[in-house]
Amino acid sequence: MIDVQDMTKKYGKLAANDNITLSVEGGELAVLLGPNGAGKSTLIKSICGLLRFQGSVTIGGHENHTTEAKCILGYVPEFPVLYPLLTVAEHLEFIARAYRLDAWENRAEELLRRFELDDKKMKLGKELSKGMQQKVSVCCALLPQPKAVILDEPLVGLDPHGIRELKAVIAELRDSGCALLVSTHMIESVEENWDVTYIMVKGRIARVCRRTDIAAGQSLADVYFAITEGEGREGAR
Amino acid sequence: MSSLIFLLLRSAKNTFLELLRKPAQLVLWVFLIATFGGVILLSLFTRQSAENFADIIWLKGILLALILVFVVVAIQKGLSNGDVIFDMNDVNLLFVSPVSSRLILMYGIVRMAKMAFWAGFFILFQSNSLGRNFGVGFDAVLLVLLGFILAVSMLQILSLLIYSLTNGRPGRKLAVRLIAAAVFLPLITYLGLQLIGTGAPLPALENTLRSPLAAWTPVAGWASEGTVALITGDMGSGLLFLGLLVLTGVLLILYIALSNPDYYEDVLVATETAFEKKRDMSRGQFNTEGSLTKKVKVSKTGIGGIGSSAIFYKHMRESFRANRLGLWGLPSILAILGAALFSLFLRGEDGGIIILLQTLMWMQIFFIGTGRGLQELYMHYIYLIPGSSFPKIVWSNLEIAFRVLVESLAIFWIAGLIMGEPVLLIVAVIAVYTLFSFLLLGINYLSLRWTGADISTGFMMFIYTIAVAVIMLPGLVAAVFIGSMFGENGVLIGLGILALWELVAALGCFALSEGILHHCDMPVAKTGKQ
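Residue numbers (this note's numbering), protein chains in the order written: chain W, 1 to 237; chain Y, 1001 to 1530.
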């Protein structure tokens, strides 16, 4: 569903992403791990079509800038950016109209209820706390029922209820056949559900690790620290 | 103390080294310094005959008005958050360090003077126009800059003091407002009486500026009187009024340092607010409405449109929520009133409406970016909405297109009527102004497309300004050349040619920036250190 081939993004001479290849199938939760400055957010923005790059990115077989790709892609940015003078409900209405969605109202209500925003529908974007803005941002990304969802540090700023709900939503999306790519530093938050992990170091994928690859008793955190703290960087590609 | 001197010197050194590492910024600085040198040379060699010079009292008036604006801003800042004299890194590192809070205040004031210098930097480029209009040399320009820096530095201290005295005390806030009004009331009353007495705005203004009331008006009066006195060689008055300014500043600093050594809380809100604003901008929240504390009433809700057109209807909803008049808020009303006032002064002058057009076109170069269409580029939504790039760009700029069209209709009809200009000329001026805005939008997109938005905001502004000059030049040359061949109707024909060129050039810019949403990085407001 999400397919990245030989993707390179340079800022001047600095390669923020160097020849990245990754893919996420439908019904799969891919986790993007890496230390600060590894190039995770750059990769995510490039996949979403917000940055120029060399190489190829397709969503559902369509080049990422095409209308077909945009129709099936949901994106939750690292920092929630809302329109300060639109209400919470109007953010969802705007997305529904811009994406030409039909019968979206019940779905919007359900999302707002799940994230405890149903009593905040008339609140303006600028009146919300950072955590609530993040919840609205998640609702906006999920409203069009995308087949591929990309989340950049989605749990940062959320309250415990928000974290629980978002983890449940991610699990449901995966079970329903959606392809998910999640970048996070909170390794334990994805420990239960991950299928494949891409560990990035200095703009490159240092290791691709499938759940079936790791030994019994070994956690995702063990794999991550083995790569990032110098116990060999096998599997670099 | 040594740690603070180390901080100041090392920051200056690192700024310089950083500049050397960024060739584009270095080129910009070399260009700026070369322009500055050119302006000085030009002012030295282009002296005009004495009969053309305006009375120096008008220079005092300009300086007084300019500093008055800063006075109002300083009082307002003092009553809300206080002025920003520290950065967030000062708060996090210095405030918790065992350095004396009074020394840290001195450090803040040195940094503040640096900010005041940059705020007045544009004055250095006025050397030629000051020489041409008032017959003064570069020494006078430096004196104007000195007066401005002293006034602005003093106002920043005043703002800090007002905040520290009135924070959380509505009674004191009201008292500051009343005192501020009382300080300027004599000058305003005197101007009103002069207007009634003379019946003409210019003589009334001149009489007011010559009165002792103008000279003794705190800060703005002292600075303008002291500066102009020094320029005209009246050392006594000059030193008296500028000395008064310095003395007041020193007394305010002493008061803050001695009475309130625990001023950290008073500067914290302004520093944090400024920091968050910069951080939000660098994260894409380019819309300043988000940081306004004004309560917004939500009455009508909902968004119209479908597909790309939803962007336009969203802008309409945001605009009507921001202003009761919708697209035409307070800035539009101020522009119309300002232009009407300007027209009163230009009445009877040959080509008055062209002077107004020129002034507004200059302003439009920098105000076009305030439209919601361009701000939309700093957020991810427009890139992700399904659909091709061009309709999204068109729909997202309809709001500013409507705003400019209606603004220009109001501005130039009112100004034209005041100045008694022919209808055809007014229509031509409206066409030139409206199409110029259209062209500016095109140049903005072209600059983003050409650079890929992968450069700093300052450098982007530089490229944009150069592009405006280069693209407008052929149209201006053709308008002047062809217009000069038609005698009486030359101005009208020249304006027609200019409007036509703007339309063609704008269409060209939009065509060349096709696919911008796919071919440039989502721009980030690179706001420097946060």
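Even glycine gets a Cβ: it sits at the ideal position worked out from N, Cα and C. Every value quoted in this text rests on a predicted model; they were computed, and no experiment measured them.
**Prompt:** With 7 Å set as the bound, which would you pick, yes or no: does the beta-carbon of CYS178 of chain W sit closer than that to a beta-carbon of chain Y?
**Reply:** Contact of CYS178 of chain W with chain Y is not assigned, every C-beta pair being separated by 7 Å or more.
**Request:** Sort Y:SER1332, Y:LEU1337, Y:LEU1145 and Y:ARG1177 by Cα distance to THR1227 of chain Y and report the nearest one.
**Result:** Y:LEU1145
**Asked** Does the stretch 1131-1141 of chain Y touch the stretch 1174-1182 of chain Y, meaning 3 or more C-beta pairs lie closer than 8 Å?
**Response** no
**Request:** Taking only beta carbons into account, state which residues of the stretch 1295-1314 of chain Y come closer than 9 Å to chain W, listed in chain order.
**Result:** VAL1296, VAL1298, THR1301, GLY1302, ILE1303, GLY1304, GLY1305, ILE1306, GLY1307, SER1308, SER1309, ALA1310, ILE1311, TYR1313 and LYS1314
**Request:** Could you have a look at LYS121 of chain W and say whether DSSP puts it in helix, strand or coil?
**Result:** coil
**Item:** Residue span of the beta strand (DSSP E) that contains SER23 of chain W, given as start and end
**Value:** That run of the beta strand (DSSP E) goes 14-24.
**Message:** Contact criterion: CB-CB distance below 7 Å. Does PHE94 of chain W meet it with respect to chain Y?
**Reply:** yes
**Prompt:** Just by C-beta distance, which residues in the stretch 1360-1390 of chain Y are closer than 8 Å to chain W?
**Reply:** MET1379, HIS1380, TYR1381, TYR1383, LEU1384, ILE1385, PRO1386, GLY1387 and SER1388
**Asked** Would LEU1209 of chain Y pass as a contact of ILE1057 of chain Y if the rule is Cβ separation under 7 Å?
**Response** The answer is yes: Cβ separation under 7 Å.
**Request:** Name, please, each residue of chain W whose Cβ falls closer than 7 Å to the Cβ of GLU1318 of chain Y.
**Result:** TYR83, LEU85 and LEU86
**Request:** My understanding is that ASP118 of chain W touches LEU124 of chain W, with C-beta atoms under 8 Å, so please give their C-beta distance in whole angstroms.
**Result:** No, ASP118 of chain W and LEU124 of chain W are not in contact; Cβ-Cβ is about 16 Å, not under 8 Å.
**Message:** Counting only C-beta atoms, is CYS209 of chain W closer than 7 Å to chain Y at any point?
**Reply:** Not one chain Y Cβ lies under 7 Å of CYS209 of chain W.
**Prompt:** Which one of W:LEU86, W:ALA98 and W:CYS139 has the shortest CA to CA distance from ASN106 of chain W?
**Reply:** W:CYS139
**Request:** Using only alpha-carbon positions, find the residue among Y:GLU1318, Y:LYS1278 and Y:PHE1070 that is nearest to ILE1157 of chain Y.
**Result:** Nearest in C-alpha terms to ILE1157 of chain Y, of all of Y:GLU1318, Y:LYS1278 and Y:PHE1070, is Y:PHE1070.
**Prompt:** By the criterion of Cβ-Cβ separation under 9 Å, what are the contact partners of LYS70 of chain W in chain Y?
**Reply:** The answer, in chain order, is TYR1383, LEU1384, ILE1385, PRO1386 and GLY1387.
**Message:** Counting only Cβ-Cβ distances shorter than 9 Å, please list the residues of the stretch 146-161 of chain W near chain Y, keeping chain order.
**Reply:** none
**Prompt:** Nearest chain W C-beta to MET1460 of chain Y closer than 7 Å, yes or no?
**Reply:** no
**Item:** Interface residues of chain Y facing GLY37 of chain W [CB-CB closer than 7 Å]
**Value:** Chain-ordered listing is empty here: chain Y has no CB closer than 7 Å to the CB of GLY37 of chain W, the nearest sitting near 16 Å.
**Asked** Do the CB positions of LEU92 of chain W and LEU143 of chain W come within less than 7 Å of each other?
**Response** Going by C-beta atoms, LEU92 of chain W is nearer than 7 Å to LEU143 of chain W.
**Request:** Step through the CB atoms of chain W and report whether any lies within less than 7 Å of the CB of ARG1324 of chain Y.
**Result:** no
**Request:** Please determine, among Y:ILE1253, Y:LEU1398, Y:GLY1475 and Y:GLY1515, the residue with the shortest C-alpha to C-alpha distance to SER1101 of chain Y.
**Result:** Y:ILE1253
**Message:** Quick check: the Cα distance between ARG207 of chain W and ASP175 of chain W, rounded to an integer number of angstroms?
**Reply:** 25 Å
**Message:** Can you list, in chain order, the residues of its chain with a C-beta nearer than 7 Å to that of MET1419 of chain Y? Leave out the 5 residues immediately preceding and following it.
**Reply:** The residues are SER1343, LEU1346, ARG1347, GLY1352 and ILE1353.
**For ILE150 of chain W and VAL76 of chain W, the rounded distance between their alpha carbons** = VAL76 of chain W and ILE150 of chain W have their alpha carbons spaced roughly 6 Å apart.
**Asked** Does the stretch 1402-1414 of chain Y touch the stretch 1484-1500 of chain Y, meaning 3 or more C-beta pairs lie closer than 8 Å?
**Response** no
**Asked** Taking just the CA atoms, how far does SER1129 of chain Y sit from ILE1149 of chain Y?
**Response** 20 Å
**Asked** Candidates Y:ILE1382, Y:ASN1089, Y:ALA1335 and Y:GLY1120: which alpha carbon is nearest VAL1404 of chain Y's?
**Response** Ranking Y:ILE1382, Y:ASN1089, Y:ALA1335 and Y:GLY1120 by Cα distance to VAL1404 of chain Y puts Y:ALA1335 first.
**Neighbour flag for MET1088 of chain Y against chain W, beta carbons, 7 Å** = no
**Prompt:** How close, in whole Å, do the beta carbons of GLY1238 of chain Y and ALA1229 of chain Y come, if the pair is a contact with beta carbons under 8 Å?
**Reply:** The C-beta separation of GLY1238 of chain Y from ALA1229 of chain Y comes to about 4 Å, placing the pair in contact by the 8 Å criterion.
**Message:** Could you check whether the stretch 1244-1259 of chain Y touches the stretch 38-48 of chain W, counting it as contact only if at least three pairs of C-beta atoms, one from each stretch, sit closer than 8 Å?
**Reply:** no
**Asked** Under 8 Å Cβ-Cβ, which residues of chain Y neighbour ALA16 of chain W?
**Response** Simply none; closest approach about 11 Å.
**Asked** Is the CB-CB distance between ASP152 of chain W and SER129 of chain W below 7 Å?
**Response** For ASP152 of chain W and SER129 of chain W, no; Cβs fall outside 7 Å.
**Prompt:** Taking only runs of the alpha helix (DSSP H) that begin and end inside the stretch 72-116 of chain W, which ones reach a length of at least 4 residues, in chain order?
**Reply:** 88-98 and 105-114
**Asked** MET1522 of chain Y versus chain W: which residues are under 8 Å apart at the beta carbon?
**Response** LYS45, LEU50 and LEU51
**Cβ contact check for the stretch 73-89 of chain W and the stretch 1294-1313 of chain Y: 3 or more pairs under 8 Å** = Under the three-pair Cβ rule at 8 Å, the stretch 73-89 of chain W counts as touching the stretch 1294-1313 of chain Y.
**Prompt:** Looking at the structure shown, is ILE1493 of chain Y part of a helix, part of a strand, or coil, going by DSSP?
**Reply:** DSSP places ILE1493 of chain Y in the helix class (H, G or I) of the three-state scheme.
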